[in-house]
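S.K.:
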Amino acid sequence: MLTSRRTMLAALAASALAGCADLGAPAGGHPSASVAVPRPVVFTPTVSPTPSPSSPATPLVTRAQIVARYGNLSPHYWGFGAPGVLRHALAAGRVIALTFDACGGPGGSGYDQALIDFLRQHDVPATLFLNSRWIDANPAAFRLLAAEPLFEIGNHGTRHLPLSVTGRSAYGIPGTRNAGEVYDEVAGNHAKLTRLLGRPPRFFRSGTAYYDDIAARIVTDMGETPVTFNVNGDGGATFTPAQVSVTVTAAGPGSLVIGHMNHPEGGTAQGIAAAVPILAARGYRFVRLSDD
Ligand SMILES: [Zn+2]
104 MLTSRRTMLA
114 ALAASALAGC
124 ADLGAPAGGH
134 PSASVAVPRP
144 VVFTPTVSPT
154 PSPSSPATPL
164 VTRAQIVARY
174 GNLSPHYWGF
184 GAPGVLRHAL
194 AAGRVIALTF
204 DACGGPGGSG
214 YDQALIDFLR
224 QHDVPATLFL
234 NSRWIDANPA
244 AFRLLAAEPL
254 FEIGNHGTRH
264 LPLSVTGRSA
274 YGIPGTRNAG
284 EVYDEVAGNH
294 AKLTRLLGRP
304 PRFFRSGTAY
314 YDDIAARIVT
324 DMGETPVTFN
334 VNGDGGATFT
344 PAQVSVTVTA
354 AGPGSLVIGH
364 MNHPEGGTAQ
374 GIAAAVPILA
384 ARGYRFVRLS
394 DD
């Protein structure tokens, strides 16, 4: 049992973040499955995001300042673990941070209503990383999510690009090519979210969650915390419900789980619905990234 589970986990760990890999493929292709989570409920927001004129829509630094500081520096790292990138929940103790990306673009502007409704019905907080294109495609859903204290909204980029200062690729997606393009990728959606939420986002996760070490420093300079993950919860929305459940229930204290909320045809909603009660029974509580 243990051996087979390890084998399965190893296989899952090798899966790509396809849900974040906007390869221009149609959103379909995942095996459809009946959704076992409770029926959606109508949610009535009690708080409306109120844009504040005191919240600047531009980051703390200018593009020119970023280019001057980092334009001539060479990176030494490429992947999920660049220095300064958050891979664990900030809260201490027996906690798990569930995070869900909405990648947007041709491969991922869907909305997993069943997943969000499960979180609502069971009062499970989560951090939602929304890409600029996904927000444009889902304005009504965005307004509801932004008004709910249960959810924290993070920045998932403007064009959903791996964050590189040299054009490195991840999952076949060419990354940003220089420090200025890193700035643009963060700043575009930073401005949109600040305008819509009335405050700037605290957390940023790049498309594919890849960073080089210089790009991660740029995000920090711009006033956001770069985030990756340490549990790949749904393999880029390619996992079956059983694979999601096995992977997520293997999370330990402080885990930062990545999943996707833009592929309702995938196994994420059912897998999360299966995993959450198991983790709760083990004494875990769920936190947003800003919770401490
Ligand atoms: Zn993504």
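353 is the number that my numbering gives to position 250 of the sequence shown; each next residue is one higher, with no gaps. No residue lacks a Cβ here, since even glycine has one placed at the ideal position from N, Cα and C.
1. Going by DSSP, name the residue or residues bridged to HIS191.
2. Is the number of C-beta pairs between the segment 334-352 and the segment 360-372 that are closer than 8 Å three or more?
3. So who's on the other strand from TRP237, going by DSSP bridges?
4. Mark SER235 as exposed unless 16 or more other C-beta atoms lie within 10 angstroms of its C-beta, in which case mark it buried.
5. Less than 7 Å between the beta carbons of ARG308 and HIS366, yes or no?
6. In whole angstroms, give me the CA-to-CA distance for ARG298 and GLU255.
7. Can you list, in chain order, the residues of its chain with a C-beta nearer than 7 Å to that of ILE375? Leave out the 5 residues immediately preceding and following it.
8. If you reduce the DSSP assignment to three classes, tell me which class PRO242 lands in.
9. Given 8 Å as the limit, is there contact between the segment 372-386 and the segment 184-191, that is, 3 or more CB pairs closer than that?
10. Measuring from the CB of ASP337, is there a heavy atom of ligand 3 at a distance below 6 Å?
11. Rounding to the nearest angstrom, what Cα-Cα distance links LEU247 and GLY278 in this structure?
12. With 16 as the cutoff for other CB atoms within 10 Å, does LEU126 come out buried or exposed?
13. Is it buried or exposed for PRO340, if we count other Cβ within 10 angstroms and need 16 for buried?
14. Compare the C-beta of HIS263 with all C-beta atoms of chain D and state if any pair is closer than 7 Å.
15. Tell me, please, which residues DSSP counts as bridged to VAL330.
16. Hey, TYR313 and PRO329 are a contact pair by Cβ (cut 8 Å); roughly how many whole angstroms apart?
17. Who pairs with HIS263 in a beta bridge, going by DSSP?
18. Going by CA-CA distance only, name the one from ARG385, GLY355, ILE276, PRO344 that's closest to GLY370.
19. Does the distance from the CB of PHE163 to the CB of ILE317 come in under 7 Å?
20. Any heavy atom of ligand 1 within a distance shorter than 6 Å of the CB on ASP215?
21. Considering only their Cβ atoms, is the gap separating ARG197 from PRO356 smaller than 7 Å?
22. Does the Cβ of THR261 have 16 or more other Cβ atoms within 10 Å, making it buried, or fewer, making it exposed?
23. Can you tell me where the alpha helix (DSSP H) holding ASP324 begins and where it ends?
M.R.: If we stick to the structure as given:
1. SER358
2. They touch, by the three-pair rule.
3. According to DSSP, TRP237 bridges with nothing at all.
4. Buried is the call here.
5. no
6. 16 Å
7. Spatial neighbours of ILE375 in its own chain (CB-CB distance under 7 Å, excluding positions within 5 residues in sequence) are listed in chain order as LEU218, PHE221, VAL347, VAL351, GLY362.
8. helix
9. no
10. With respect to ligand 3, the structure shown offers nothing to examine, as its ligands consist of ligand 1.
11. Using only the alpha carbons, I get a separation of about 31 Å.
12. With a pLDDT of only 34 at LEU126, under the threshold of 50, the placement of this residue in the model should not be trusted; the figure read from the coordinates follows. With fewer than 16 other Cβ atoms within 10 Å, it is exposed.
13. Contrary to the premise, residue 340 reads as Ala rather than Pro in this sequence. Note on ALA340: 16 or more other CB atoms within 10 angstroms of its CB, so buried under the neighbour-count rule.
14. The chain labelled as chain D is not found in the depicted structure, where only one protein chain is given.
15. LEU189
16. About 11 Å separates the two Cβ atoms, so there is no contact after all.
17. Beta-bridge pairing links HIS263 to no other residue.
18. Of the candidates ARG385, GLY355, ILE276, PRO344, the one whose C-alpha sits nearest the C-alpha of GLY370 is PRO344.
19. Looking at the sequence shown, residue 163 is not Phe but Leu. Not closer than 7 Å, so no.
20. no
21. yes
22. buried
23. 316-324
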